[in-house]
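Protein chains in written order, with the UniProt record's numbering: chain A, 1 to 277; chain B, 1 to 277.
For each residue, glycine too, the CB sits at the ideal point set by N, CA and C.
On a predicted model such as this, the values are computed, not experimentally measured, just so you know.
To start, the structure under review is shown below, and the notes come after it.
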């Protein structure tokens, strides 16, 4: 099986590493950054690198897209006449419903796009921070669409387990976006707002413990990627923010009212829920 | 130097461990839980345990209070006739200004209370979760008051370094509370609100990655302790929440307006600030 990984950033690079470790060696890479291709080849992660799809896409049985959402769409458009008949494409995009709508519109009918979301990431970008370790024990989500062939869904599912994921779940794109709006996008919004709400010029570094460090790690955020993800899932994210604000209000009003009993109840609730995870 | 640690919970227990490792062996413990005292003695952390102060406090050169704020006050009141002349007391309380005001009112004049805040904690409670490891490399804050003797401030400062802290800073109680309201209390409020804002009955566990895990670790929270801490620093915490809400609003409105440029600027700002830490 000839595999092409498109976009050798931190996630695409991690895919090439995990594929290598799983014994796949007919793997090629596409990236607009030539330096990245040289690095990937030197590390033995790809057989050959390309700055565009034309040449290599023709022979690819499986294409793993690890690009920003709008660039996935552009790649499909640019290569719609290049894909091999019956090729399988999958992705690593963190939003699904709107994104799938855009892709399905332009996808050639002889290509099967299995939409996926490996729930593994790092707050750094670029192949230098790639590591197959982030996949180990992580969750992988597939969001099947009507036109997907079961054998191709199975192909990606098996591959996910082979490269280290612990659990692969199939759900519909709407539910994916609702859940991800809460478990991934909302935490990123909170971390960004927390760091940005610091008063300029304070010696904050002398007053931080593990809690501030943990809650702000993901405030180090890829602005091009996450601005697309937020806007590509806006209704769900806004709903999650609203629910969060309602809960923060409860804490705020309990403090204002010196209502120690209500505060304790809110803490008991969060403790119980966190322990269940 | 005879040392008494009052309250052998997760922090007090960690103190006895760190003291032992630093070579102090004339260490005693006070706790209302007899089982805790037996454990501490079995582990060789204390020479002897007591369920009240009367007997042992008379001989103590240094008393380390690791109790909830209102219990520190109660202990001082209950033992005001028991303290040895010239004894030094220190604490681990996470709020200072209002707390110090309450203590100074009732403290005998021949006792020197060096108010301190070891910035190390765990989301678990009790001696079973105590470990000297949490002190290693952490920050320690002293908030001197006029009546403190320099030699006693120095005593606690030196001890902090001996038991593993990396940096000891002296600041005034007002600034302590302002900073802690932001770096410690606000993150705890956000973590609690985040967990509590989940919609009941969803299979959230299948959709979490490191970000949700990191941001909610401290939602597992000791309700008795933290309700006191929040209410003992309410003005600063409410101000921090307000500043946070203003920043979250900026993200929210950028999403509502599909304003990708503003979103990117907010992300660039948080990334720069986080990298500086």
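Among 55(A), 102(A), 177(A) and 53(A), nearest to residue 73(A) - alpha-carbon criterion: 102(A)
Expected contact under 8 Å - CB spacing of residue 115(B) and residue 145(B) to nearest Å: 7 Å
Kindly indicate which three-state DSSP category residue 12(A) falls into: helix, strand or coil? helix
According to DSSP, simplified to helix, strand and coil, what is residue 213(B)? helix
With 16 other Cβ atoms within 10 Å as the buried cut-off, status of residue 268(A): exposed
Assigned secondary structure, residue 30(B) (DSSP; H/G/I helix, E/B strand, else coil): strand
Once the 5 residues before and after residue 254(A) are set aside, which same chain residues still bring their CB inside 6 Å of it? 262 and 263
Consider the C-beta atom of residue 135(A) and the heavy atoms of the ligand ATP; say whether any pair is separated by less than 7 Å. Among the components of this structure there are no ligands whatsoever, and the ligand ATP is therefore not found.
Cutoff 7 Å; reference residue 58(B); Cβ partners in own chain excluding five residues on either side: 82 and 84
Quick one: measure Cβ to Cβ for residue 27(A) and residue 5(A), integer angstroms, because I've assumed they're closer than 8 Å. 7 Å
Quick check on DSSP: helix, strand or coil for residue 98(B)? helix
Using a Cβ-Cβ cut-off of 8 Å, state whether residue 71(A) counts as contacting chain B. no
When the Cα atoms are used, what is the spatial distance from residue 158(A) to residue 89(A)? 15 Å
Strictly below 9 Å CB to CB, what residues from chain B border residue 170(A)? Within 9 Å Cβ-Cβ: nothing; residue 170(A) doesn't reach chain B, min ~11 Å.
Buried versus exposed, by CB contacts within 10 Å (16 or more), residue 65(A): buried
Taking the continuous beta strand (DSSP E) assigned at residue 141(A), which residues delimit it? 139-142
Candidates 173(A), 189(A), 68(A) and 78(A): closest to residue 207(B) by CA position: 173(A)
Check for me: the alpha helix (DSSP H) holding residue 177(A) runs from which residue to which? 173-180
Using a Cβ-Cβ cutoff of less than 8 Å, which residues in the same chain neighbour residue 162(B) once the five nearest sequence positions on both sides are dropped? 22
Roughly how far, in whole angstroms, is the beta-carbon of residue 244(B) from the beta-carbon of residue 186(B), given that I think they are within contact range, below 8 Å? 6 Å
Partners in chain B for residue 147(A), counting only beta-carbon separations shorter than 7 Å: Those within 7 Å of residue 147(A) in chain B number zero; the least Cβ separation is about 25 Å.
What residues from chain A crowd round residue 189(B), counting only those whose CB sits closer than 9 Å? 248, 251, 252 and 255
Need the endpoints of the beta strand (DSSP E) that residue 90(B) sits in, please. 88-91
Can you pull the chain A residues whose beta carbon is under 8 Å from the beta carbon of residue 161(B), in chain order? Near residue 161(B) there are no residues of chain A at all, since even the closest Cβ is about 15 Å away, more than 8 Å.
Compare the Cα-Cα distances from residue 24(B) to each of 40(B), 79(B), 91(B) and 2(B) and report the closest residue. 2(B)
Backbone CA spacing between residue 167(B) and residue 138(A) [nearest angstrom]: 37 Å
Neighbouring residues, chain B, relative to residue 212(A) (Cβ below 9 Å): 182, 183, 184, 186, 187 and 277
Measure how close the beta-carbons of residue 111(A) and residue 130(A) come, nearest whole angstrom, since I'm counting them as under 8 Å. Actually they are not in contact, since the Cβ atoms of residue 111(A) and residue 130(A) sit about 27 Å apart, beyond 8 Å.
For my contact list, residue 215(A) and residue 193(B) are in at a C-beta cut-off of 8 Å; report their separation, rounded to the angstrom. That belief does not hold up - the Cβ atoms of residue 215(A) and residue 193(B) are roughly 12 Å apart, past 8 Å.
Using the C-alpha atoms, what's the distance from residue 182(A) back to residue 198(B)? 7 Å
Residue from 205(A), 233(A) and 237(A) whose Cα sits closest to the Cα of residue 274(B): 205(A)
Specify the secondary structure class of residue 208(A) as computed by DSSP and reduced to three states. coil
First through last residue of the beta strand (DSSP E) which encompasses residue 167(A): 167-170
Considering Cα atoms alone, identify which of 178(A), 164(A), 259(A) and 222(A) is closest to residue 15(A). 164(A)
Residue 119(A), DSSP secondary structure in three states: strand
Residues of the stretch 191-206 of chain B in Cβ contact with chain A at a cutoff of 9 Å, in chain order, please. 191, 192, 193, 194, 195, 196, 197, 198, 199, 202, 203, 204, 205 and 206
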